[in-house]
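So the structure is just underneath, and the comments pick up after that.
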Amino acid sequence: EAFWGLYLPVTTTFRVCDIWRGFWVQRLLWDIGGQLIFGTSTVKQIRNSHSYIKDMDDEQQLYHQSGSFVRFLSSWSSTKSLLNERIAQLARHIAKNDFWQWKEVDIMDAWIADLESVGYKFPSIVPSSSSSSPSSSPVIRKRAAVCVTGLAECIQEAWAPTHDTIRNLVQGEIDTFLFLSSLLKQGPVPHNVRMSQTRSYLKSTTIILYEDRIIDPEIPSNCSTHYHPPMDESHVIPYYQQLWGLAECFDLVKEYEQKMNIRYELFIRARPDSILNNTVQKIVLPSNSSILIPNENHFGGVNDRFAIGSVSTMKKYMRRWHELKHCYIRNIHAETFLKLLLNQFGINIKLETDFSYPQVEHGKAQNSLTILCQQFPLIFTNTNSSLQCARLQNVENVPSSDLDSNNTTSPLTLLVIINRSSPVNITVNFSESFNFSSSINEIRMGILVTNSTFIINNQTTLTYTSSQIPILLWSKSQPNSYIPTDVLSLNDNPYKTDTSLCDWSSDQWNRLFNGNSSNKSSYVYILKTIETNLTFTLVDTKNISLPKPYLKILYCSTYTFGTIEIILLVLFGLLFALFLLAIIILHYLKGADNLSRYFLRITHNKLDAYSNYPRPSLSATEYVD
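Anchor point for the sequence shown: position 384 equals 384 in the UniProt record's numbering, and the numbering is continuous, going up by one each time.
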């Protein structure tokens with residue numbers, strides 16, 4: 001139905017033609033009840049060296065005409081009843097408005113004529129009342145829209161786990177909009193790494209990376225504003241950029257709502273550099289005029305880093321940039337201005353004590369693993385590798401709700417697999433969060449380095465091989481001690497892949513899970529990385545919603561049937577055998593019946609033939625004496 005849309009414009013530059021094609025085809029697809037969908041590339045292109053200046057020159061039309069071309073197509077309409085007529089008409093109107101050259105019209109006419117000459121049937125025009133354009137589609141209801149604004153950083157360390165927490169919290173379909181500044185060129189993490197991590201993040205509806213620009217809040221000269229508590233002058237311009245970004249992100253969501261005919265129930269404001277720790281099961285707003293805000297980091301006002309509310313209420317929160325020029329509030333310190341503005345509009349502020357939204361220390365968290373047991377699996381990414389995590393259950397009869405980190409008498413068991421090919425020194429460190437005391441009193445940790453010898457915490461007197469797994473014991477009572485308690489030998493079953501763990505003996509698994517302790521662990525948390533600096537931060541895991549159990553992470557053997565299953569299979573086999581026997585008997589009886597009918601038919605045919613045989617007449621017979 002869209003074969004006619006394969007036509008590629010030839011009077012634009014090479015770097016513009018496919019984009020222009022997508023624009024005009026999308027407009028005509030609406031007229032036949034279709035929409036244009038973009039998919040990811042199925043090939044990886046390795047670009048050769050070429051002139052980027054020439055590329056930029058060839059893209060000038062995109063920079064200067066894309067917006068006006070889209071507006072033209074959005075407002076274009078036709079009274080033609082046939083699609084081929086509309087294609088020709090639109091081609092002329094595009095040329096008339098200088099979006100391509102008039103030569104394109106002649107080629108387009110030839111394209112239409114070629115399609116007609118080979119018998120191509122153009123799709124029919126769909127009446128506008130049943131058109132598939134977004135404006136006429138049924139309204140789609142979704143649970144929440146999430147606006148993430150700020151600097152493009154900490155996507156994997158902070159935003160990725162926060163996204164999962166929000167998804168579990170709101171319990172419904174959400175859309176995520178990342179509206180992030182790419183301005184910060186220097187920092188602990190290289191700029192190209194931060195940009196790559198942001199662009200490769202897939203759990204988002206839209207990602208917009210922009211450069212900060214000169215903006216004017218248009219505060220009247222007779223409006224004497226002040227900052228209380230005092231704000232460093234160097235923070236003022238970034239603060240304005242933050243407010244502008246919030247407003248732009250909200251407008252982006254509203255535009256998306258209109259284009260896609262979506263209505264969101266909730267609106268969430270978040271930052272990419274903070275982690276949401278949450279203990280509530282479900283969001284409950286006291287009223288549509290209420291906003292939930294973490295009860296922390298108020299600085300004389302209210303926390304401006306995270307908020308949840310209805311779309312109409314959050315509009316005031318998100319678009320406060322536009323309120324600066326009205327001079328309603330003269331104290332424009334970040335948290336104070338927000339509190340006074342919300343009070344000005346009669347918005348109820350609910351301080352949620354079950355929310356914690358600590359900021360990640362930029363770049364530092366990329367060298368540590370933060371244990372968030374209420375948000376398993378763990379997510380960790382740095383400039384070199386990503387952490388892979390699994391939770392392996394000890395035995396099947398352990399209740400899935402038994403979470404080791406909540407059981408103060410049960411140790412937490414970790415197995416860290418480190419891929420290294422040269423001798424390394426593994427640094428191990430456990431510490432508690434300054435904000436939340438952990439309920440974990442004891443940790444048993446096994447370390448496996450796959451292809452190299454290694455030492456731990458500079459202890460040169462103890463060198464381990466890739467066939468050895470030392471097990472260390474850490475306890476809250478001795479936070480600076482990492483006591484070696486056992487060494488598992490893998491001489492017969494060296495680690496090659498994850499499924500090599502399937503070849504472990506029962507004794508090896510028991511020593512990892514239980515050691516010499518009477519307190520048995522229900523799970524082993526398996527972490528896989530290339531990092532040698534294993535710094536763990538423990539946080540509070542009490543009163544949390546339990547994760548979904550990760551049972552049988554390793555499928556080590558084929559499925560074995562139980563007694564009941566074997567009995568059922570035997571019964572089913574007997575029934576199937578009886579069924580086959582019945583079919584054979586019926587087939588035999590039917591064959592015998594058919595044979596009897598065959599002989600009867602032969603007999604009848606012979607009798608009929610005999611009865612019809614011509615006999616001599618008696619009067620014609622001569623008798624001779």
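Where a beta carbon is used, it is the ideal one built from N, C-alpha and C, also for glycine.
Small disclaimer: the values here were computed from a predicted structure and weren't measured.
query, result
"8 Å contact criterion, which Leu-341 and Glu-352 should meet: CB distance rounded", "With a Cβ gap of about 19 Å, Leu-341 and Glu-352 do not count as contacting."
"Secondary structure of Trp-100, DSSP reduced to three states", "coil"
"Distance CB(Asp-175)-CB(Ala-152) smaller than 7 Å", "no"
"Thr-12 - partner residues in DSSP beta bridges", "Partner(s): none; Thr-12 has no beta bridge."
"Three-state secondary structure (DSSP) of Leu-83", "helix"
"Contacts around Trp-100, its chain only, beta-carbon distance under 6 Å, and the 5 residues preceding and following it disregarded", "Pro-9, Thr-11, Thr-12 and Ile-94"
"Backbone secondary structure at Val-148 - three-state DSSP", "strand"
"Same chain, Cβ closer than 6 Å to Cys-17, neighbours up to 5 away in sequence not counted", "Leu-8 and Pro-9"
"Proximity of Arg-320 and Tyr-357 at Cβ, strictly below 7 Å", "no"
"Span separating the alpha-carbon of Phe-345 from that of Ala-334", "17 Å"
"Assigned exposure category for Trp-30 - 16 Cβ within 10 Å defines buried", "buried"
"Residues that DSSP places opposite Gln-468 in a beta bridge", "Ser-489"
"Nearest neighbour of Leu-202, chosen from Gly-39, His-587 and Ala-582 [CA to CA]", "Gly-39"
"Arg-141 classed as buried or exposed, judged by whether at least 16 other C-beta atoms fall within 10 angstroms", "exposed"
"Length of the line joining the Cα atoms of Leu-501 and Thr-205", "38 Å"
"Trp-244 classed as buried or exposed, judged by whether at least 16 other C-beta atoms fall within 10 angstroms", "buried"
"Start-to-end residues for the beta strand (DSSP E) that takes in Lys-350", "348 to 352"
"Alpha-carbon to alpha-carbon, Ile-275 and Asn-267", "Residue 267 is actually Phe in this sequence, not Asn. If you take the alpha carbons of Phe-267 and Ile-275, they lie about 18 Å apart."
"Own chain residues within Cβ distance below 7 Å of Val-70, not counting five before or after", "Phe-23"
"Proximity of Val-148 and Pro-238 at Cβ, strictly below 7 Å", "no"
"Among Cys-154, Ile-37 and Arg-167, nearest to Ser-200 - alpha-carbon criterion", "Cys-154"
"C-alpha distance - Thr-450 paired with Asp-503, whole-angstrom precision", "16 Å"
"Local conformation of Phe-299 per DSSP, three classes", "coil"
"The beta strand (DSSP E) enclosing Thr-162, as first and last residue numbers", "Thr-162 -> not in any beta strand (DSSP E); alpha helix (DSSP H) instead, spanning 160 to 170."
"CA-to-CA distance, Ile-566 to Phe-572, given in whole angstroms", "10 Å"
"Bridge partner(s) assigned by DSSP for Val-449", "Ile-418"
"Bounding residues of the beta strand (DSSP E) (the contiguous stretch that carries Ile-268)", "262 to 270"
"For Trp-474, three-class secondary structure by DSSP", "strand"
"Buried versus exposed call for Leu-6 [16 or more other C-beta atoms within 10 Å across all chains shown]", "exposed"
"Buried versus exposed, by CB contacts within 10 Å (16 or more), Ala-270", "buried"
"The segment 216 to 223 / the segment 293 to 308 touching (three or more Cβ pairs under 8 Å)", "no"
"Neighbour-count burial assignment, Tyr-525, 16 or more Cβ in a 10 Å radius", "buried"
"Spatially closest choice to Thr-463 from Asn-425, Ile-602 and Ile-443, by CA coordinates", "Asn-425"
"DSSP state of Ser-221 mapped onto helix, strand, coil", "coil"
"Assigned secondary structure, Ser-324 (DSSP; H/G/I helix, E/B strand, else coil)", "Note on residue identity: the sequence assigns Leu, not Ser, to residue 324. Note: Leu-324 maps to helix in three-state DSSP."
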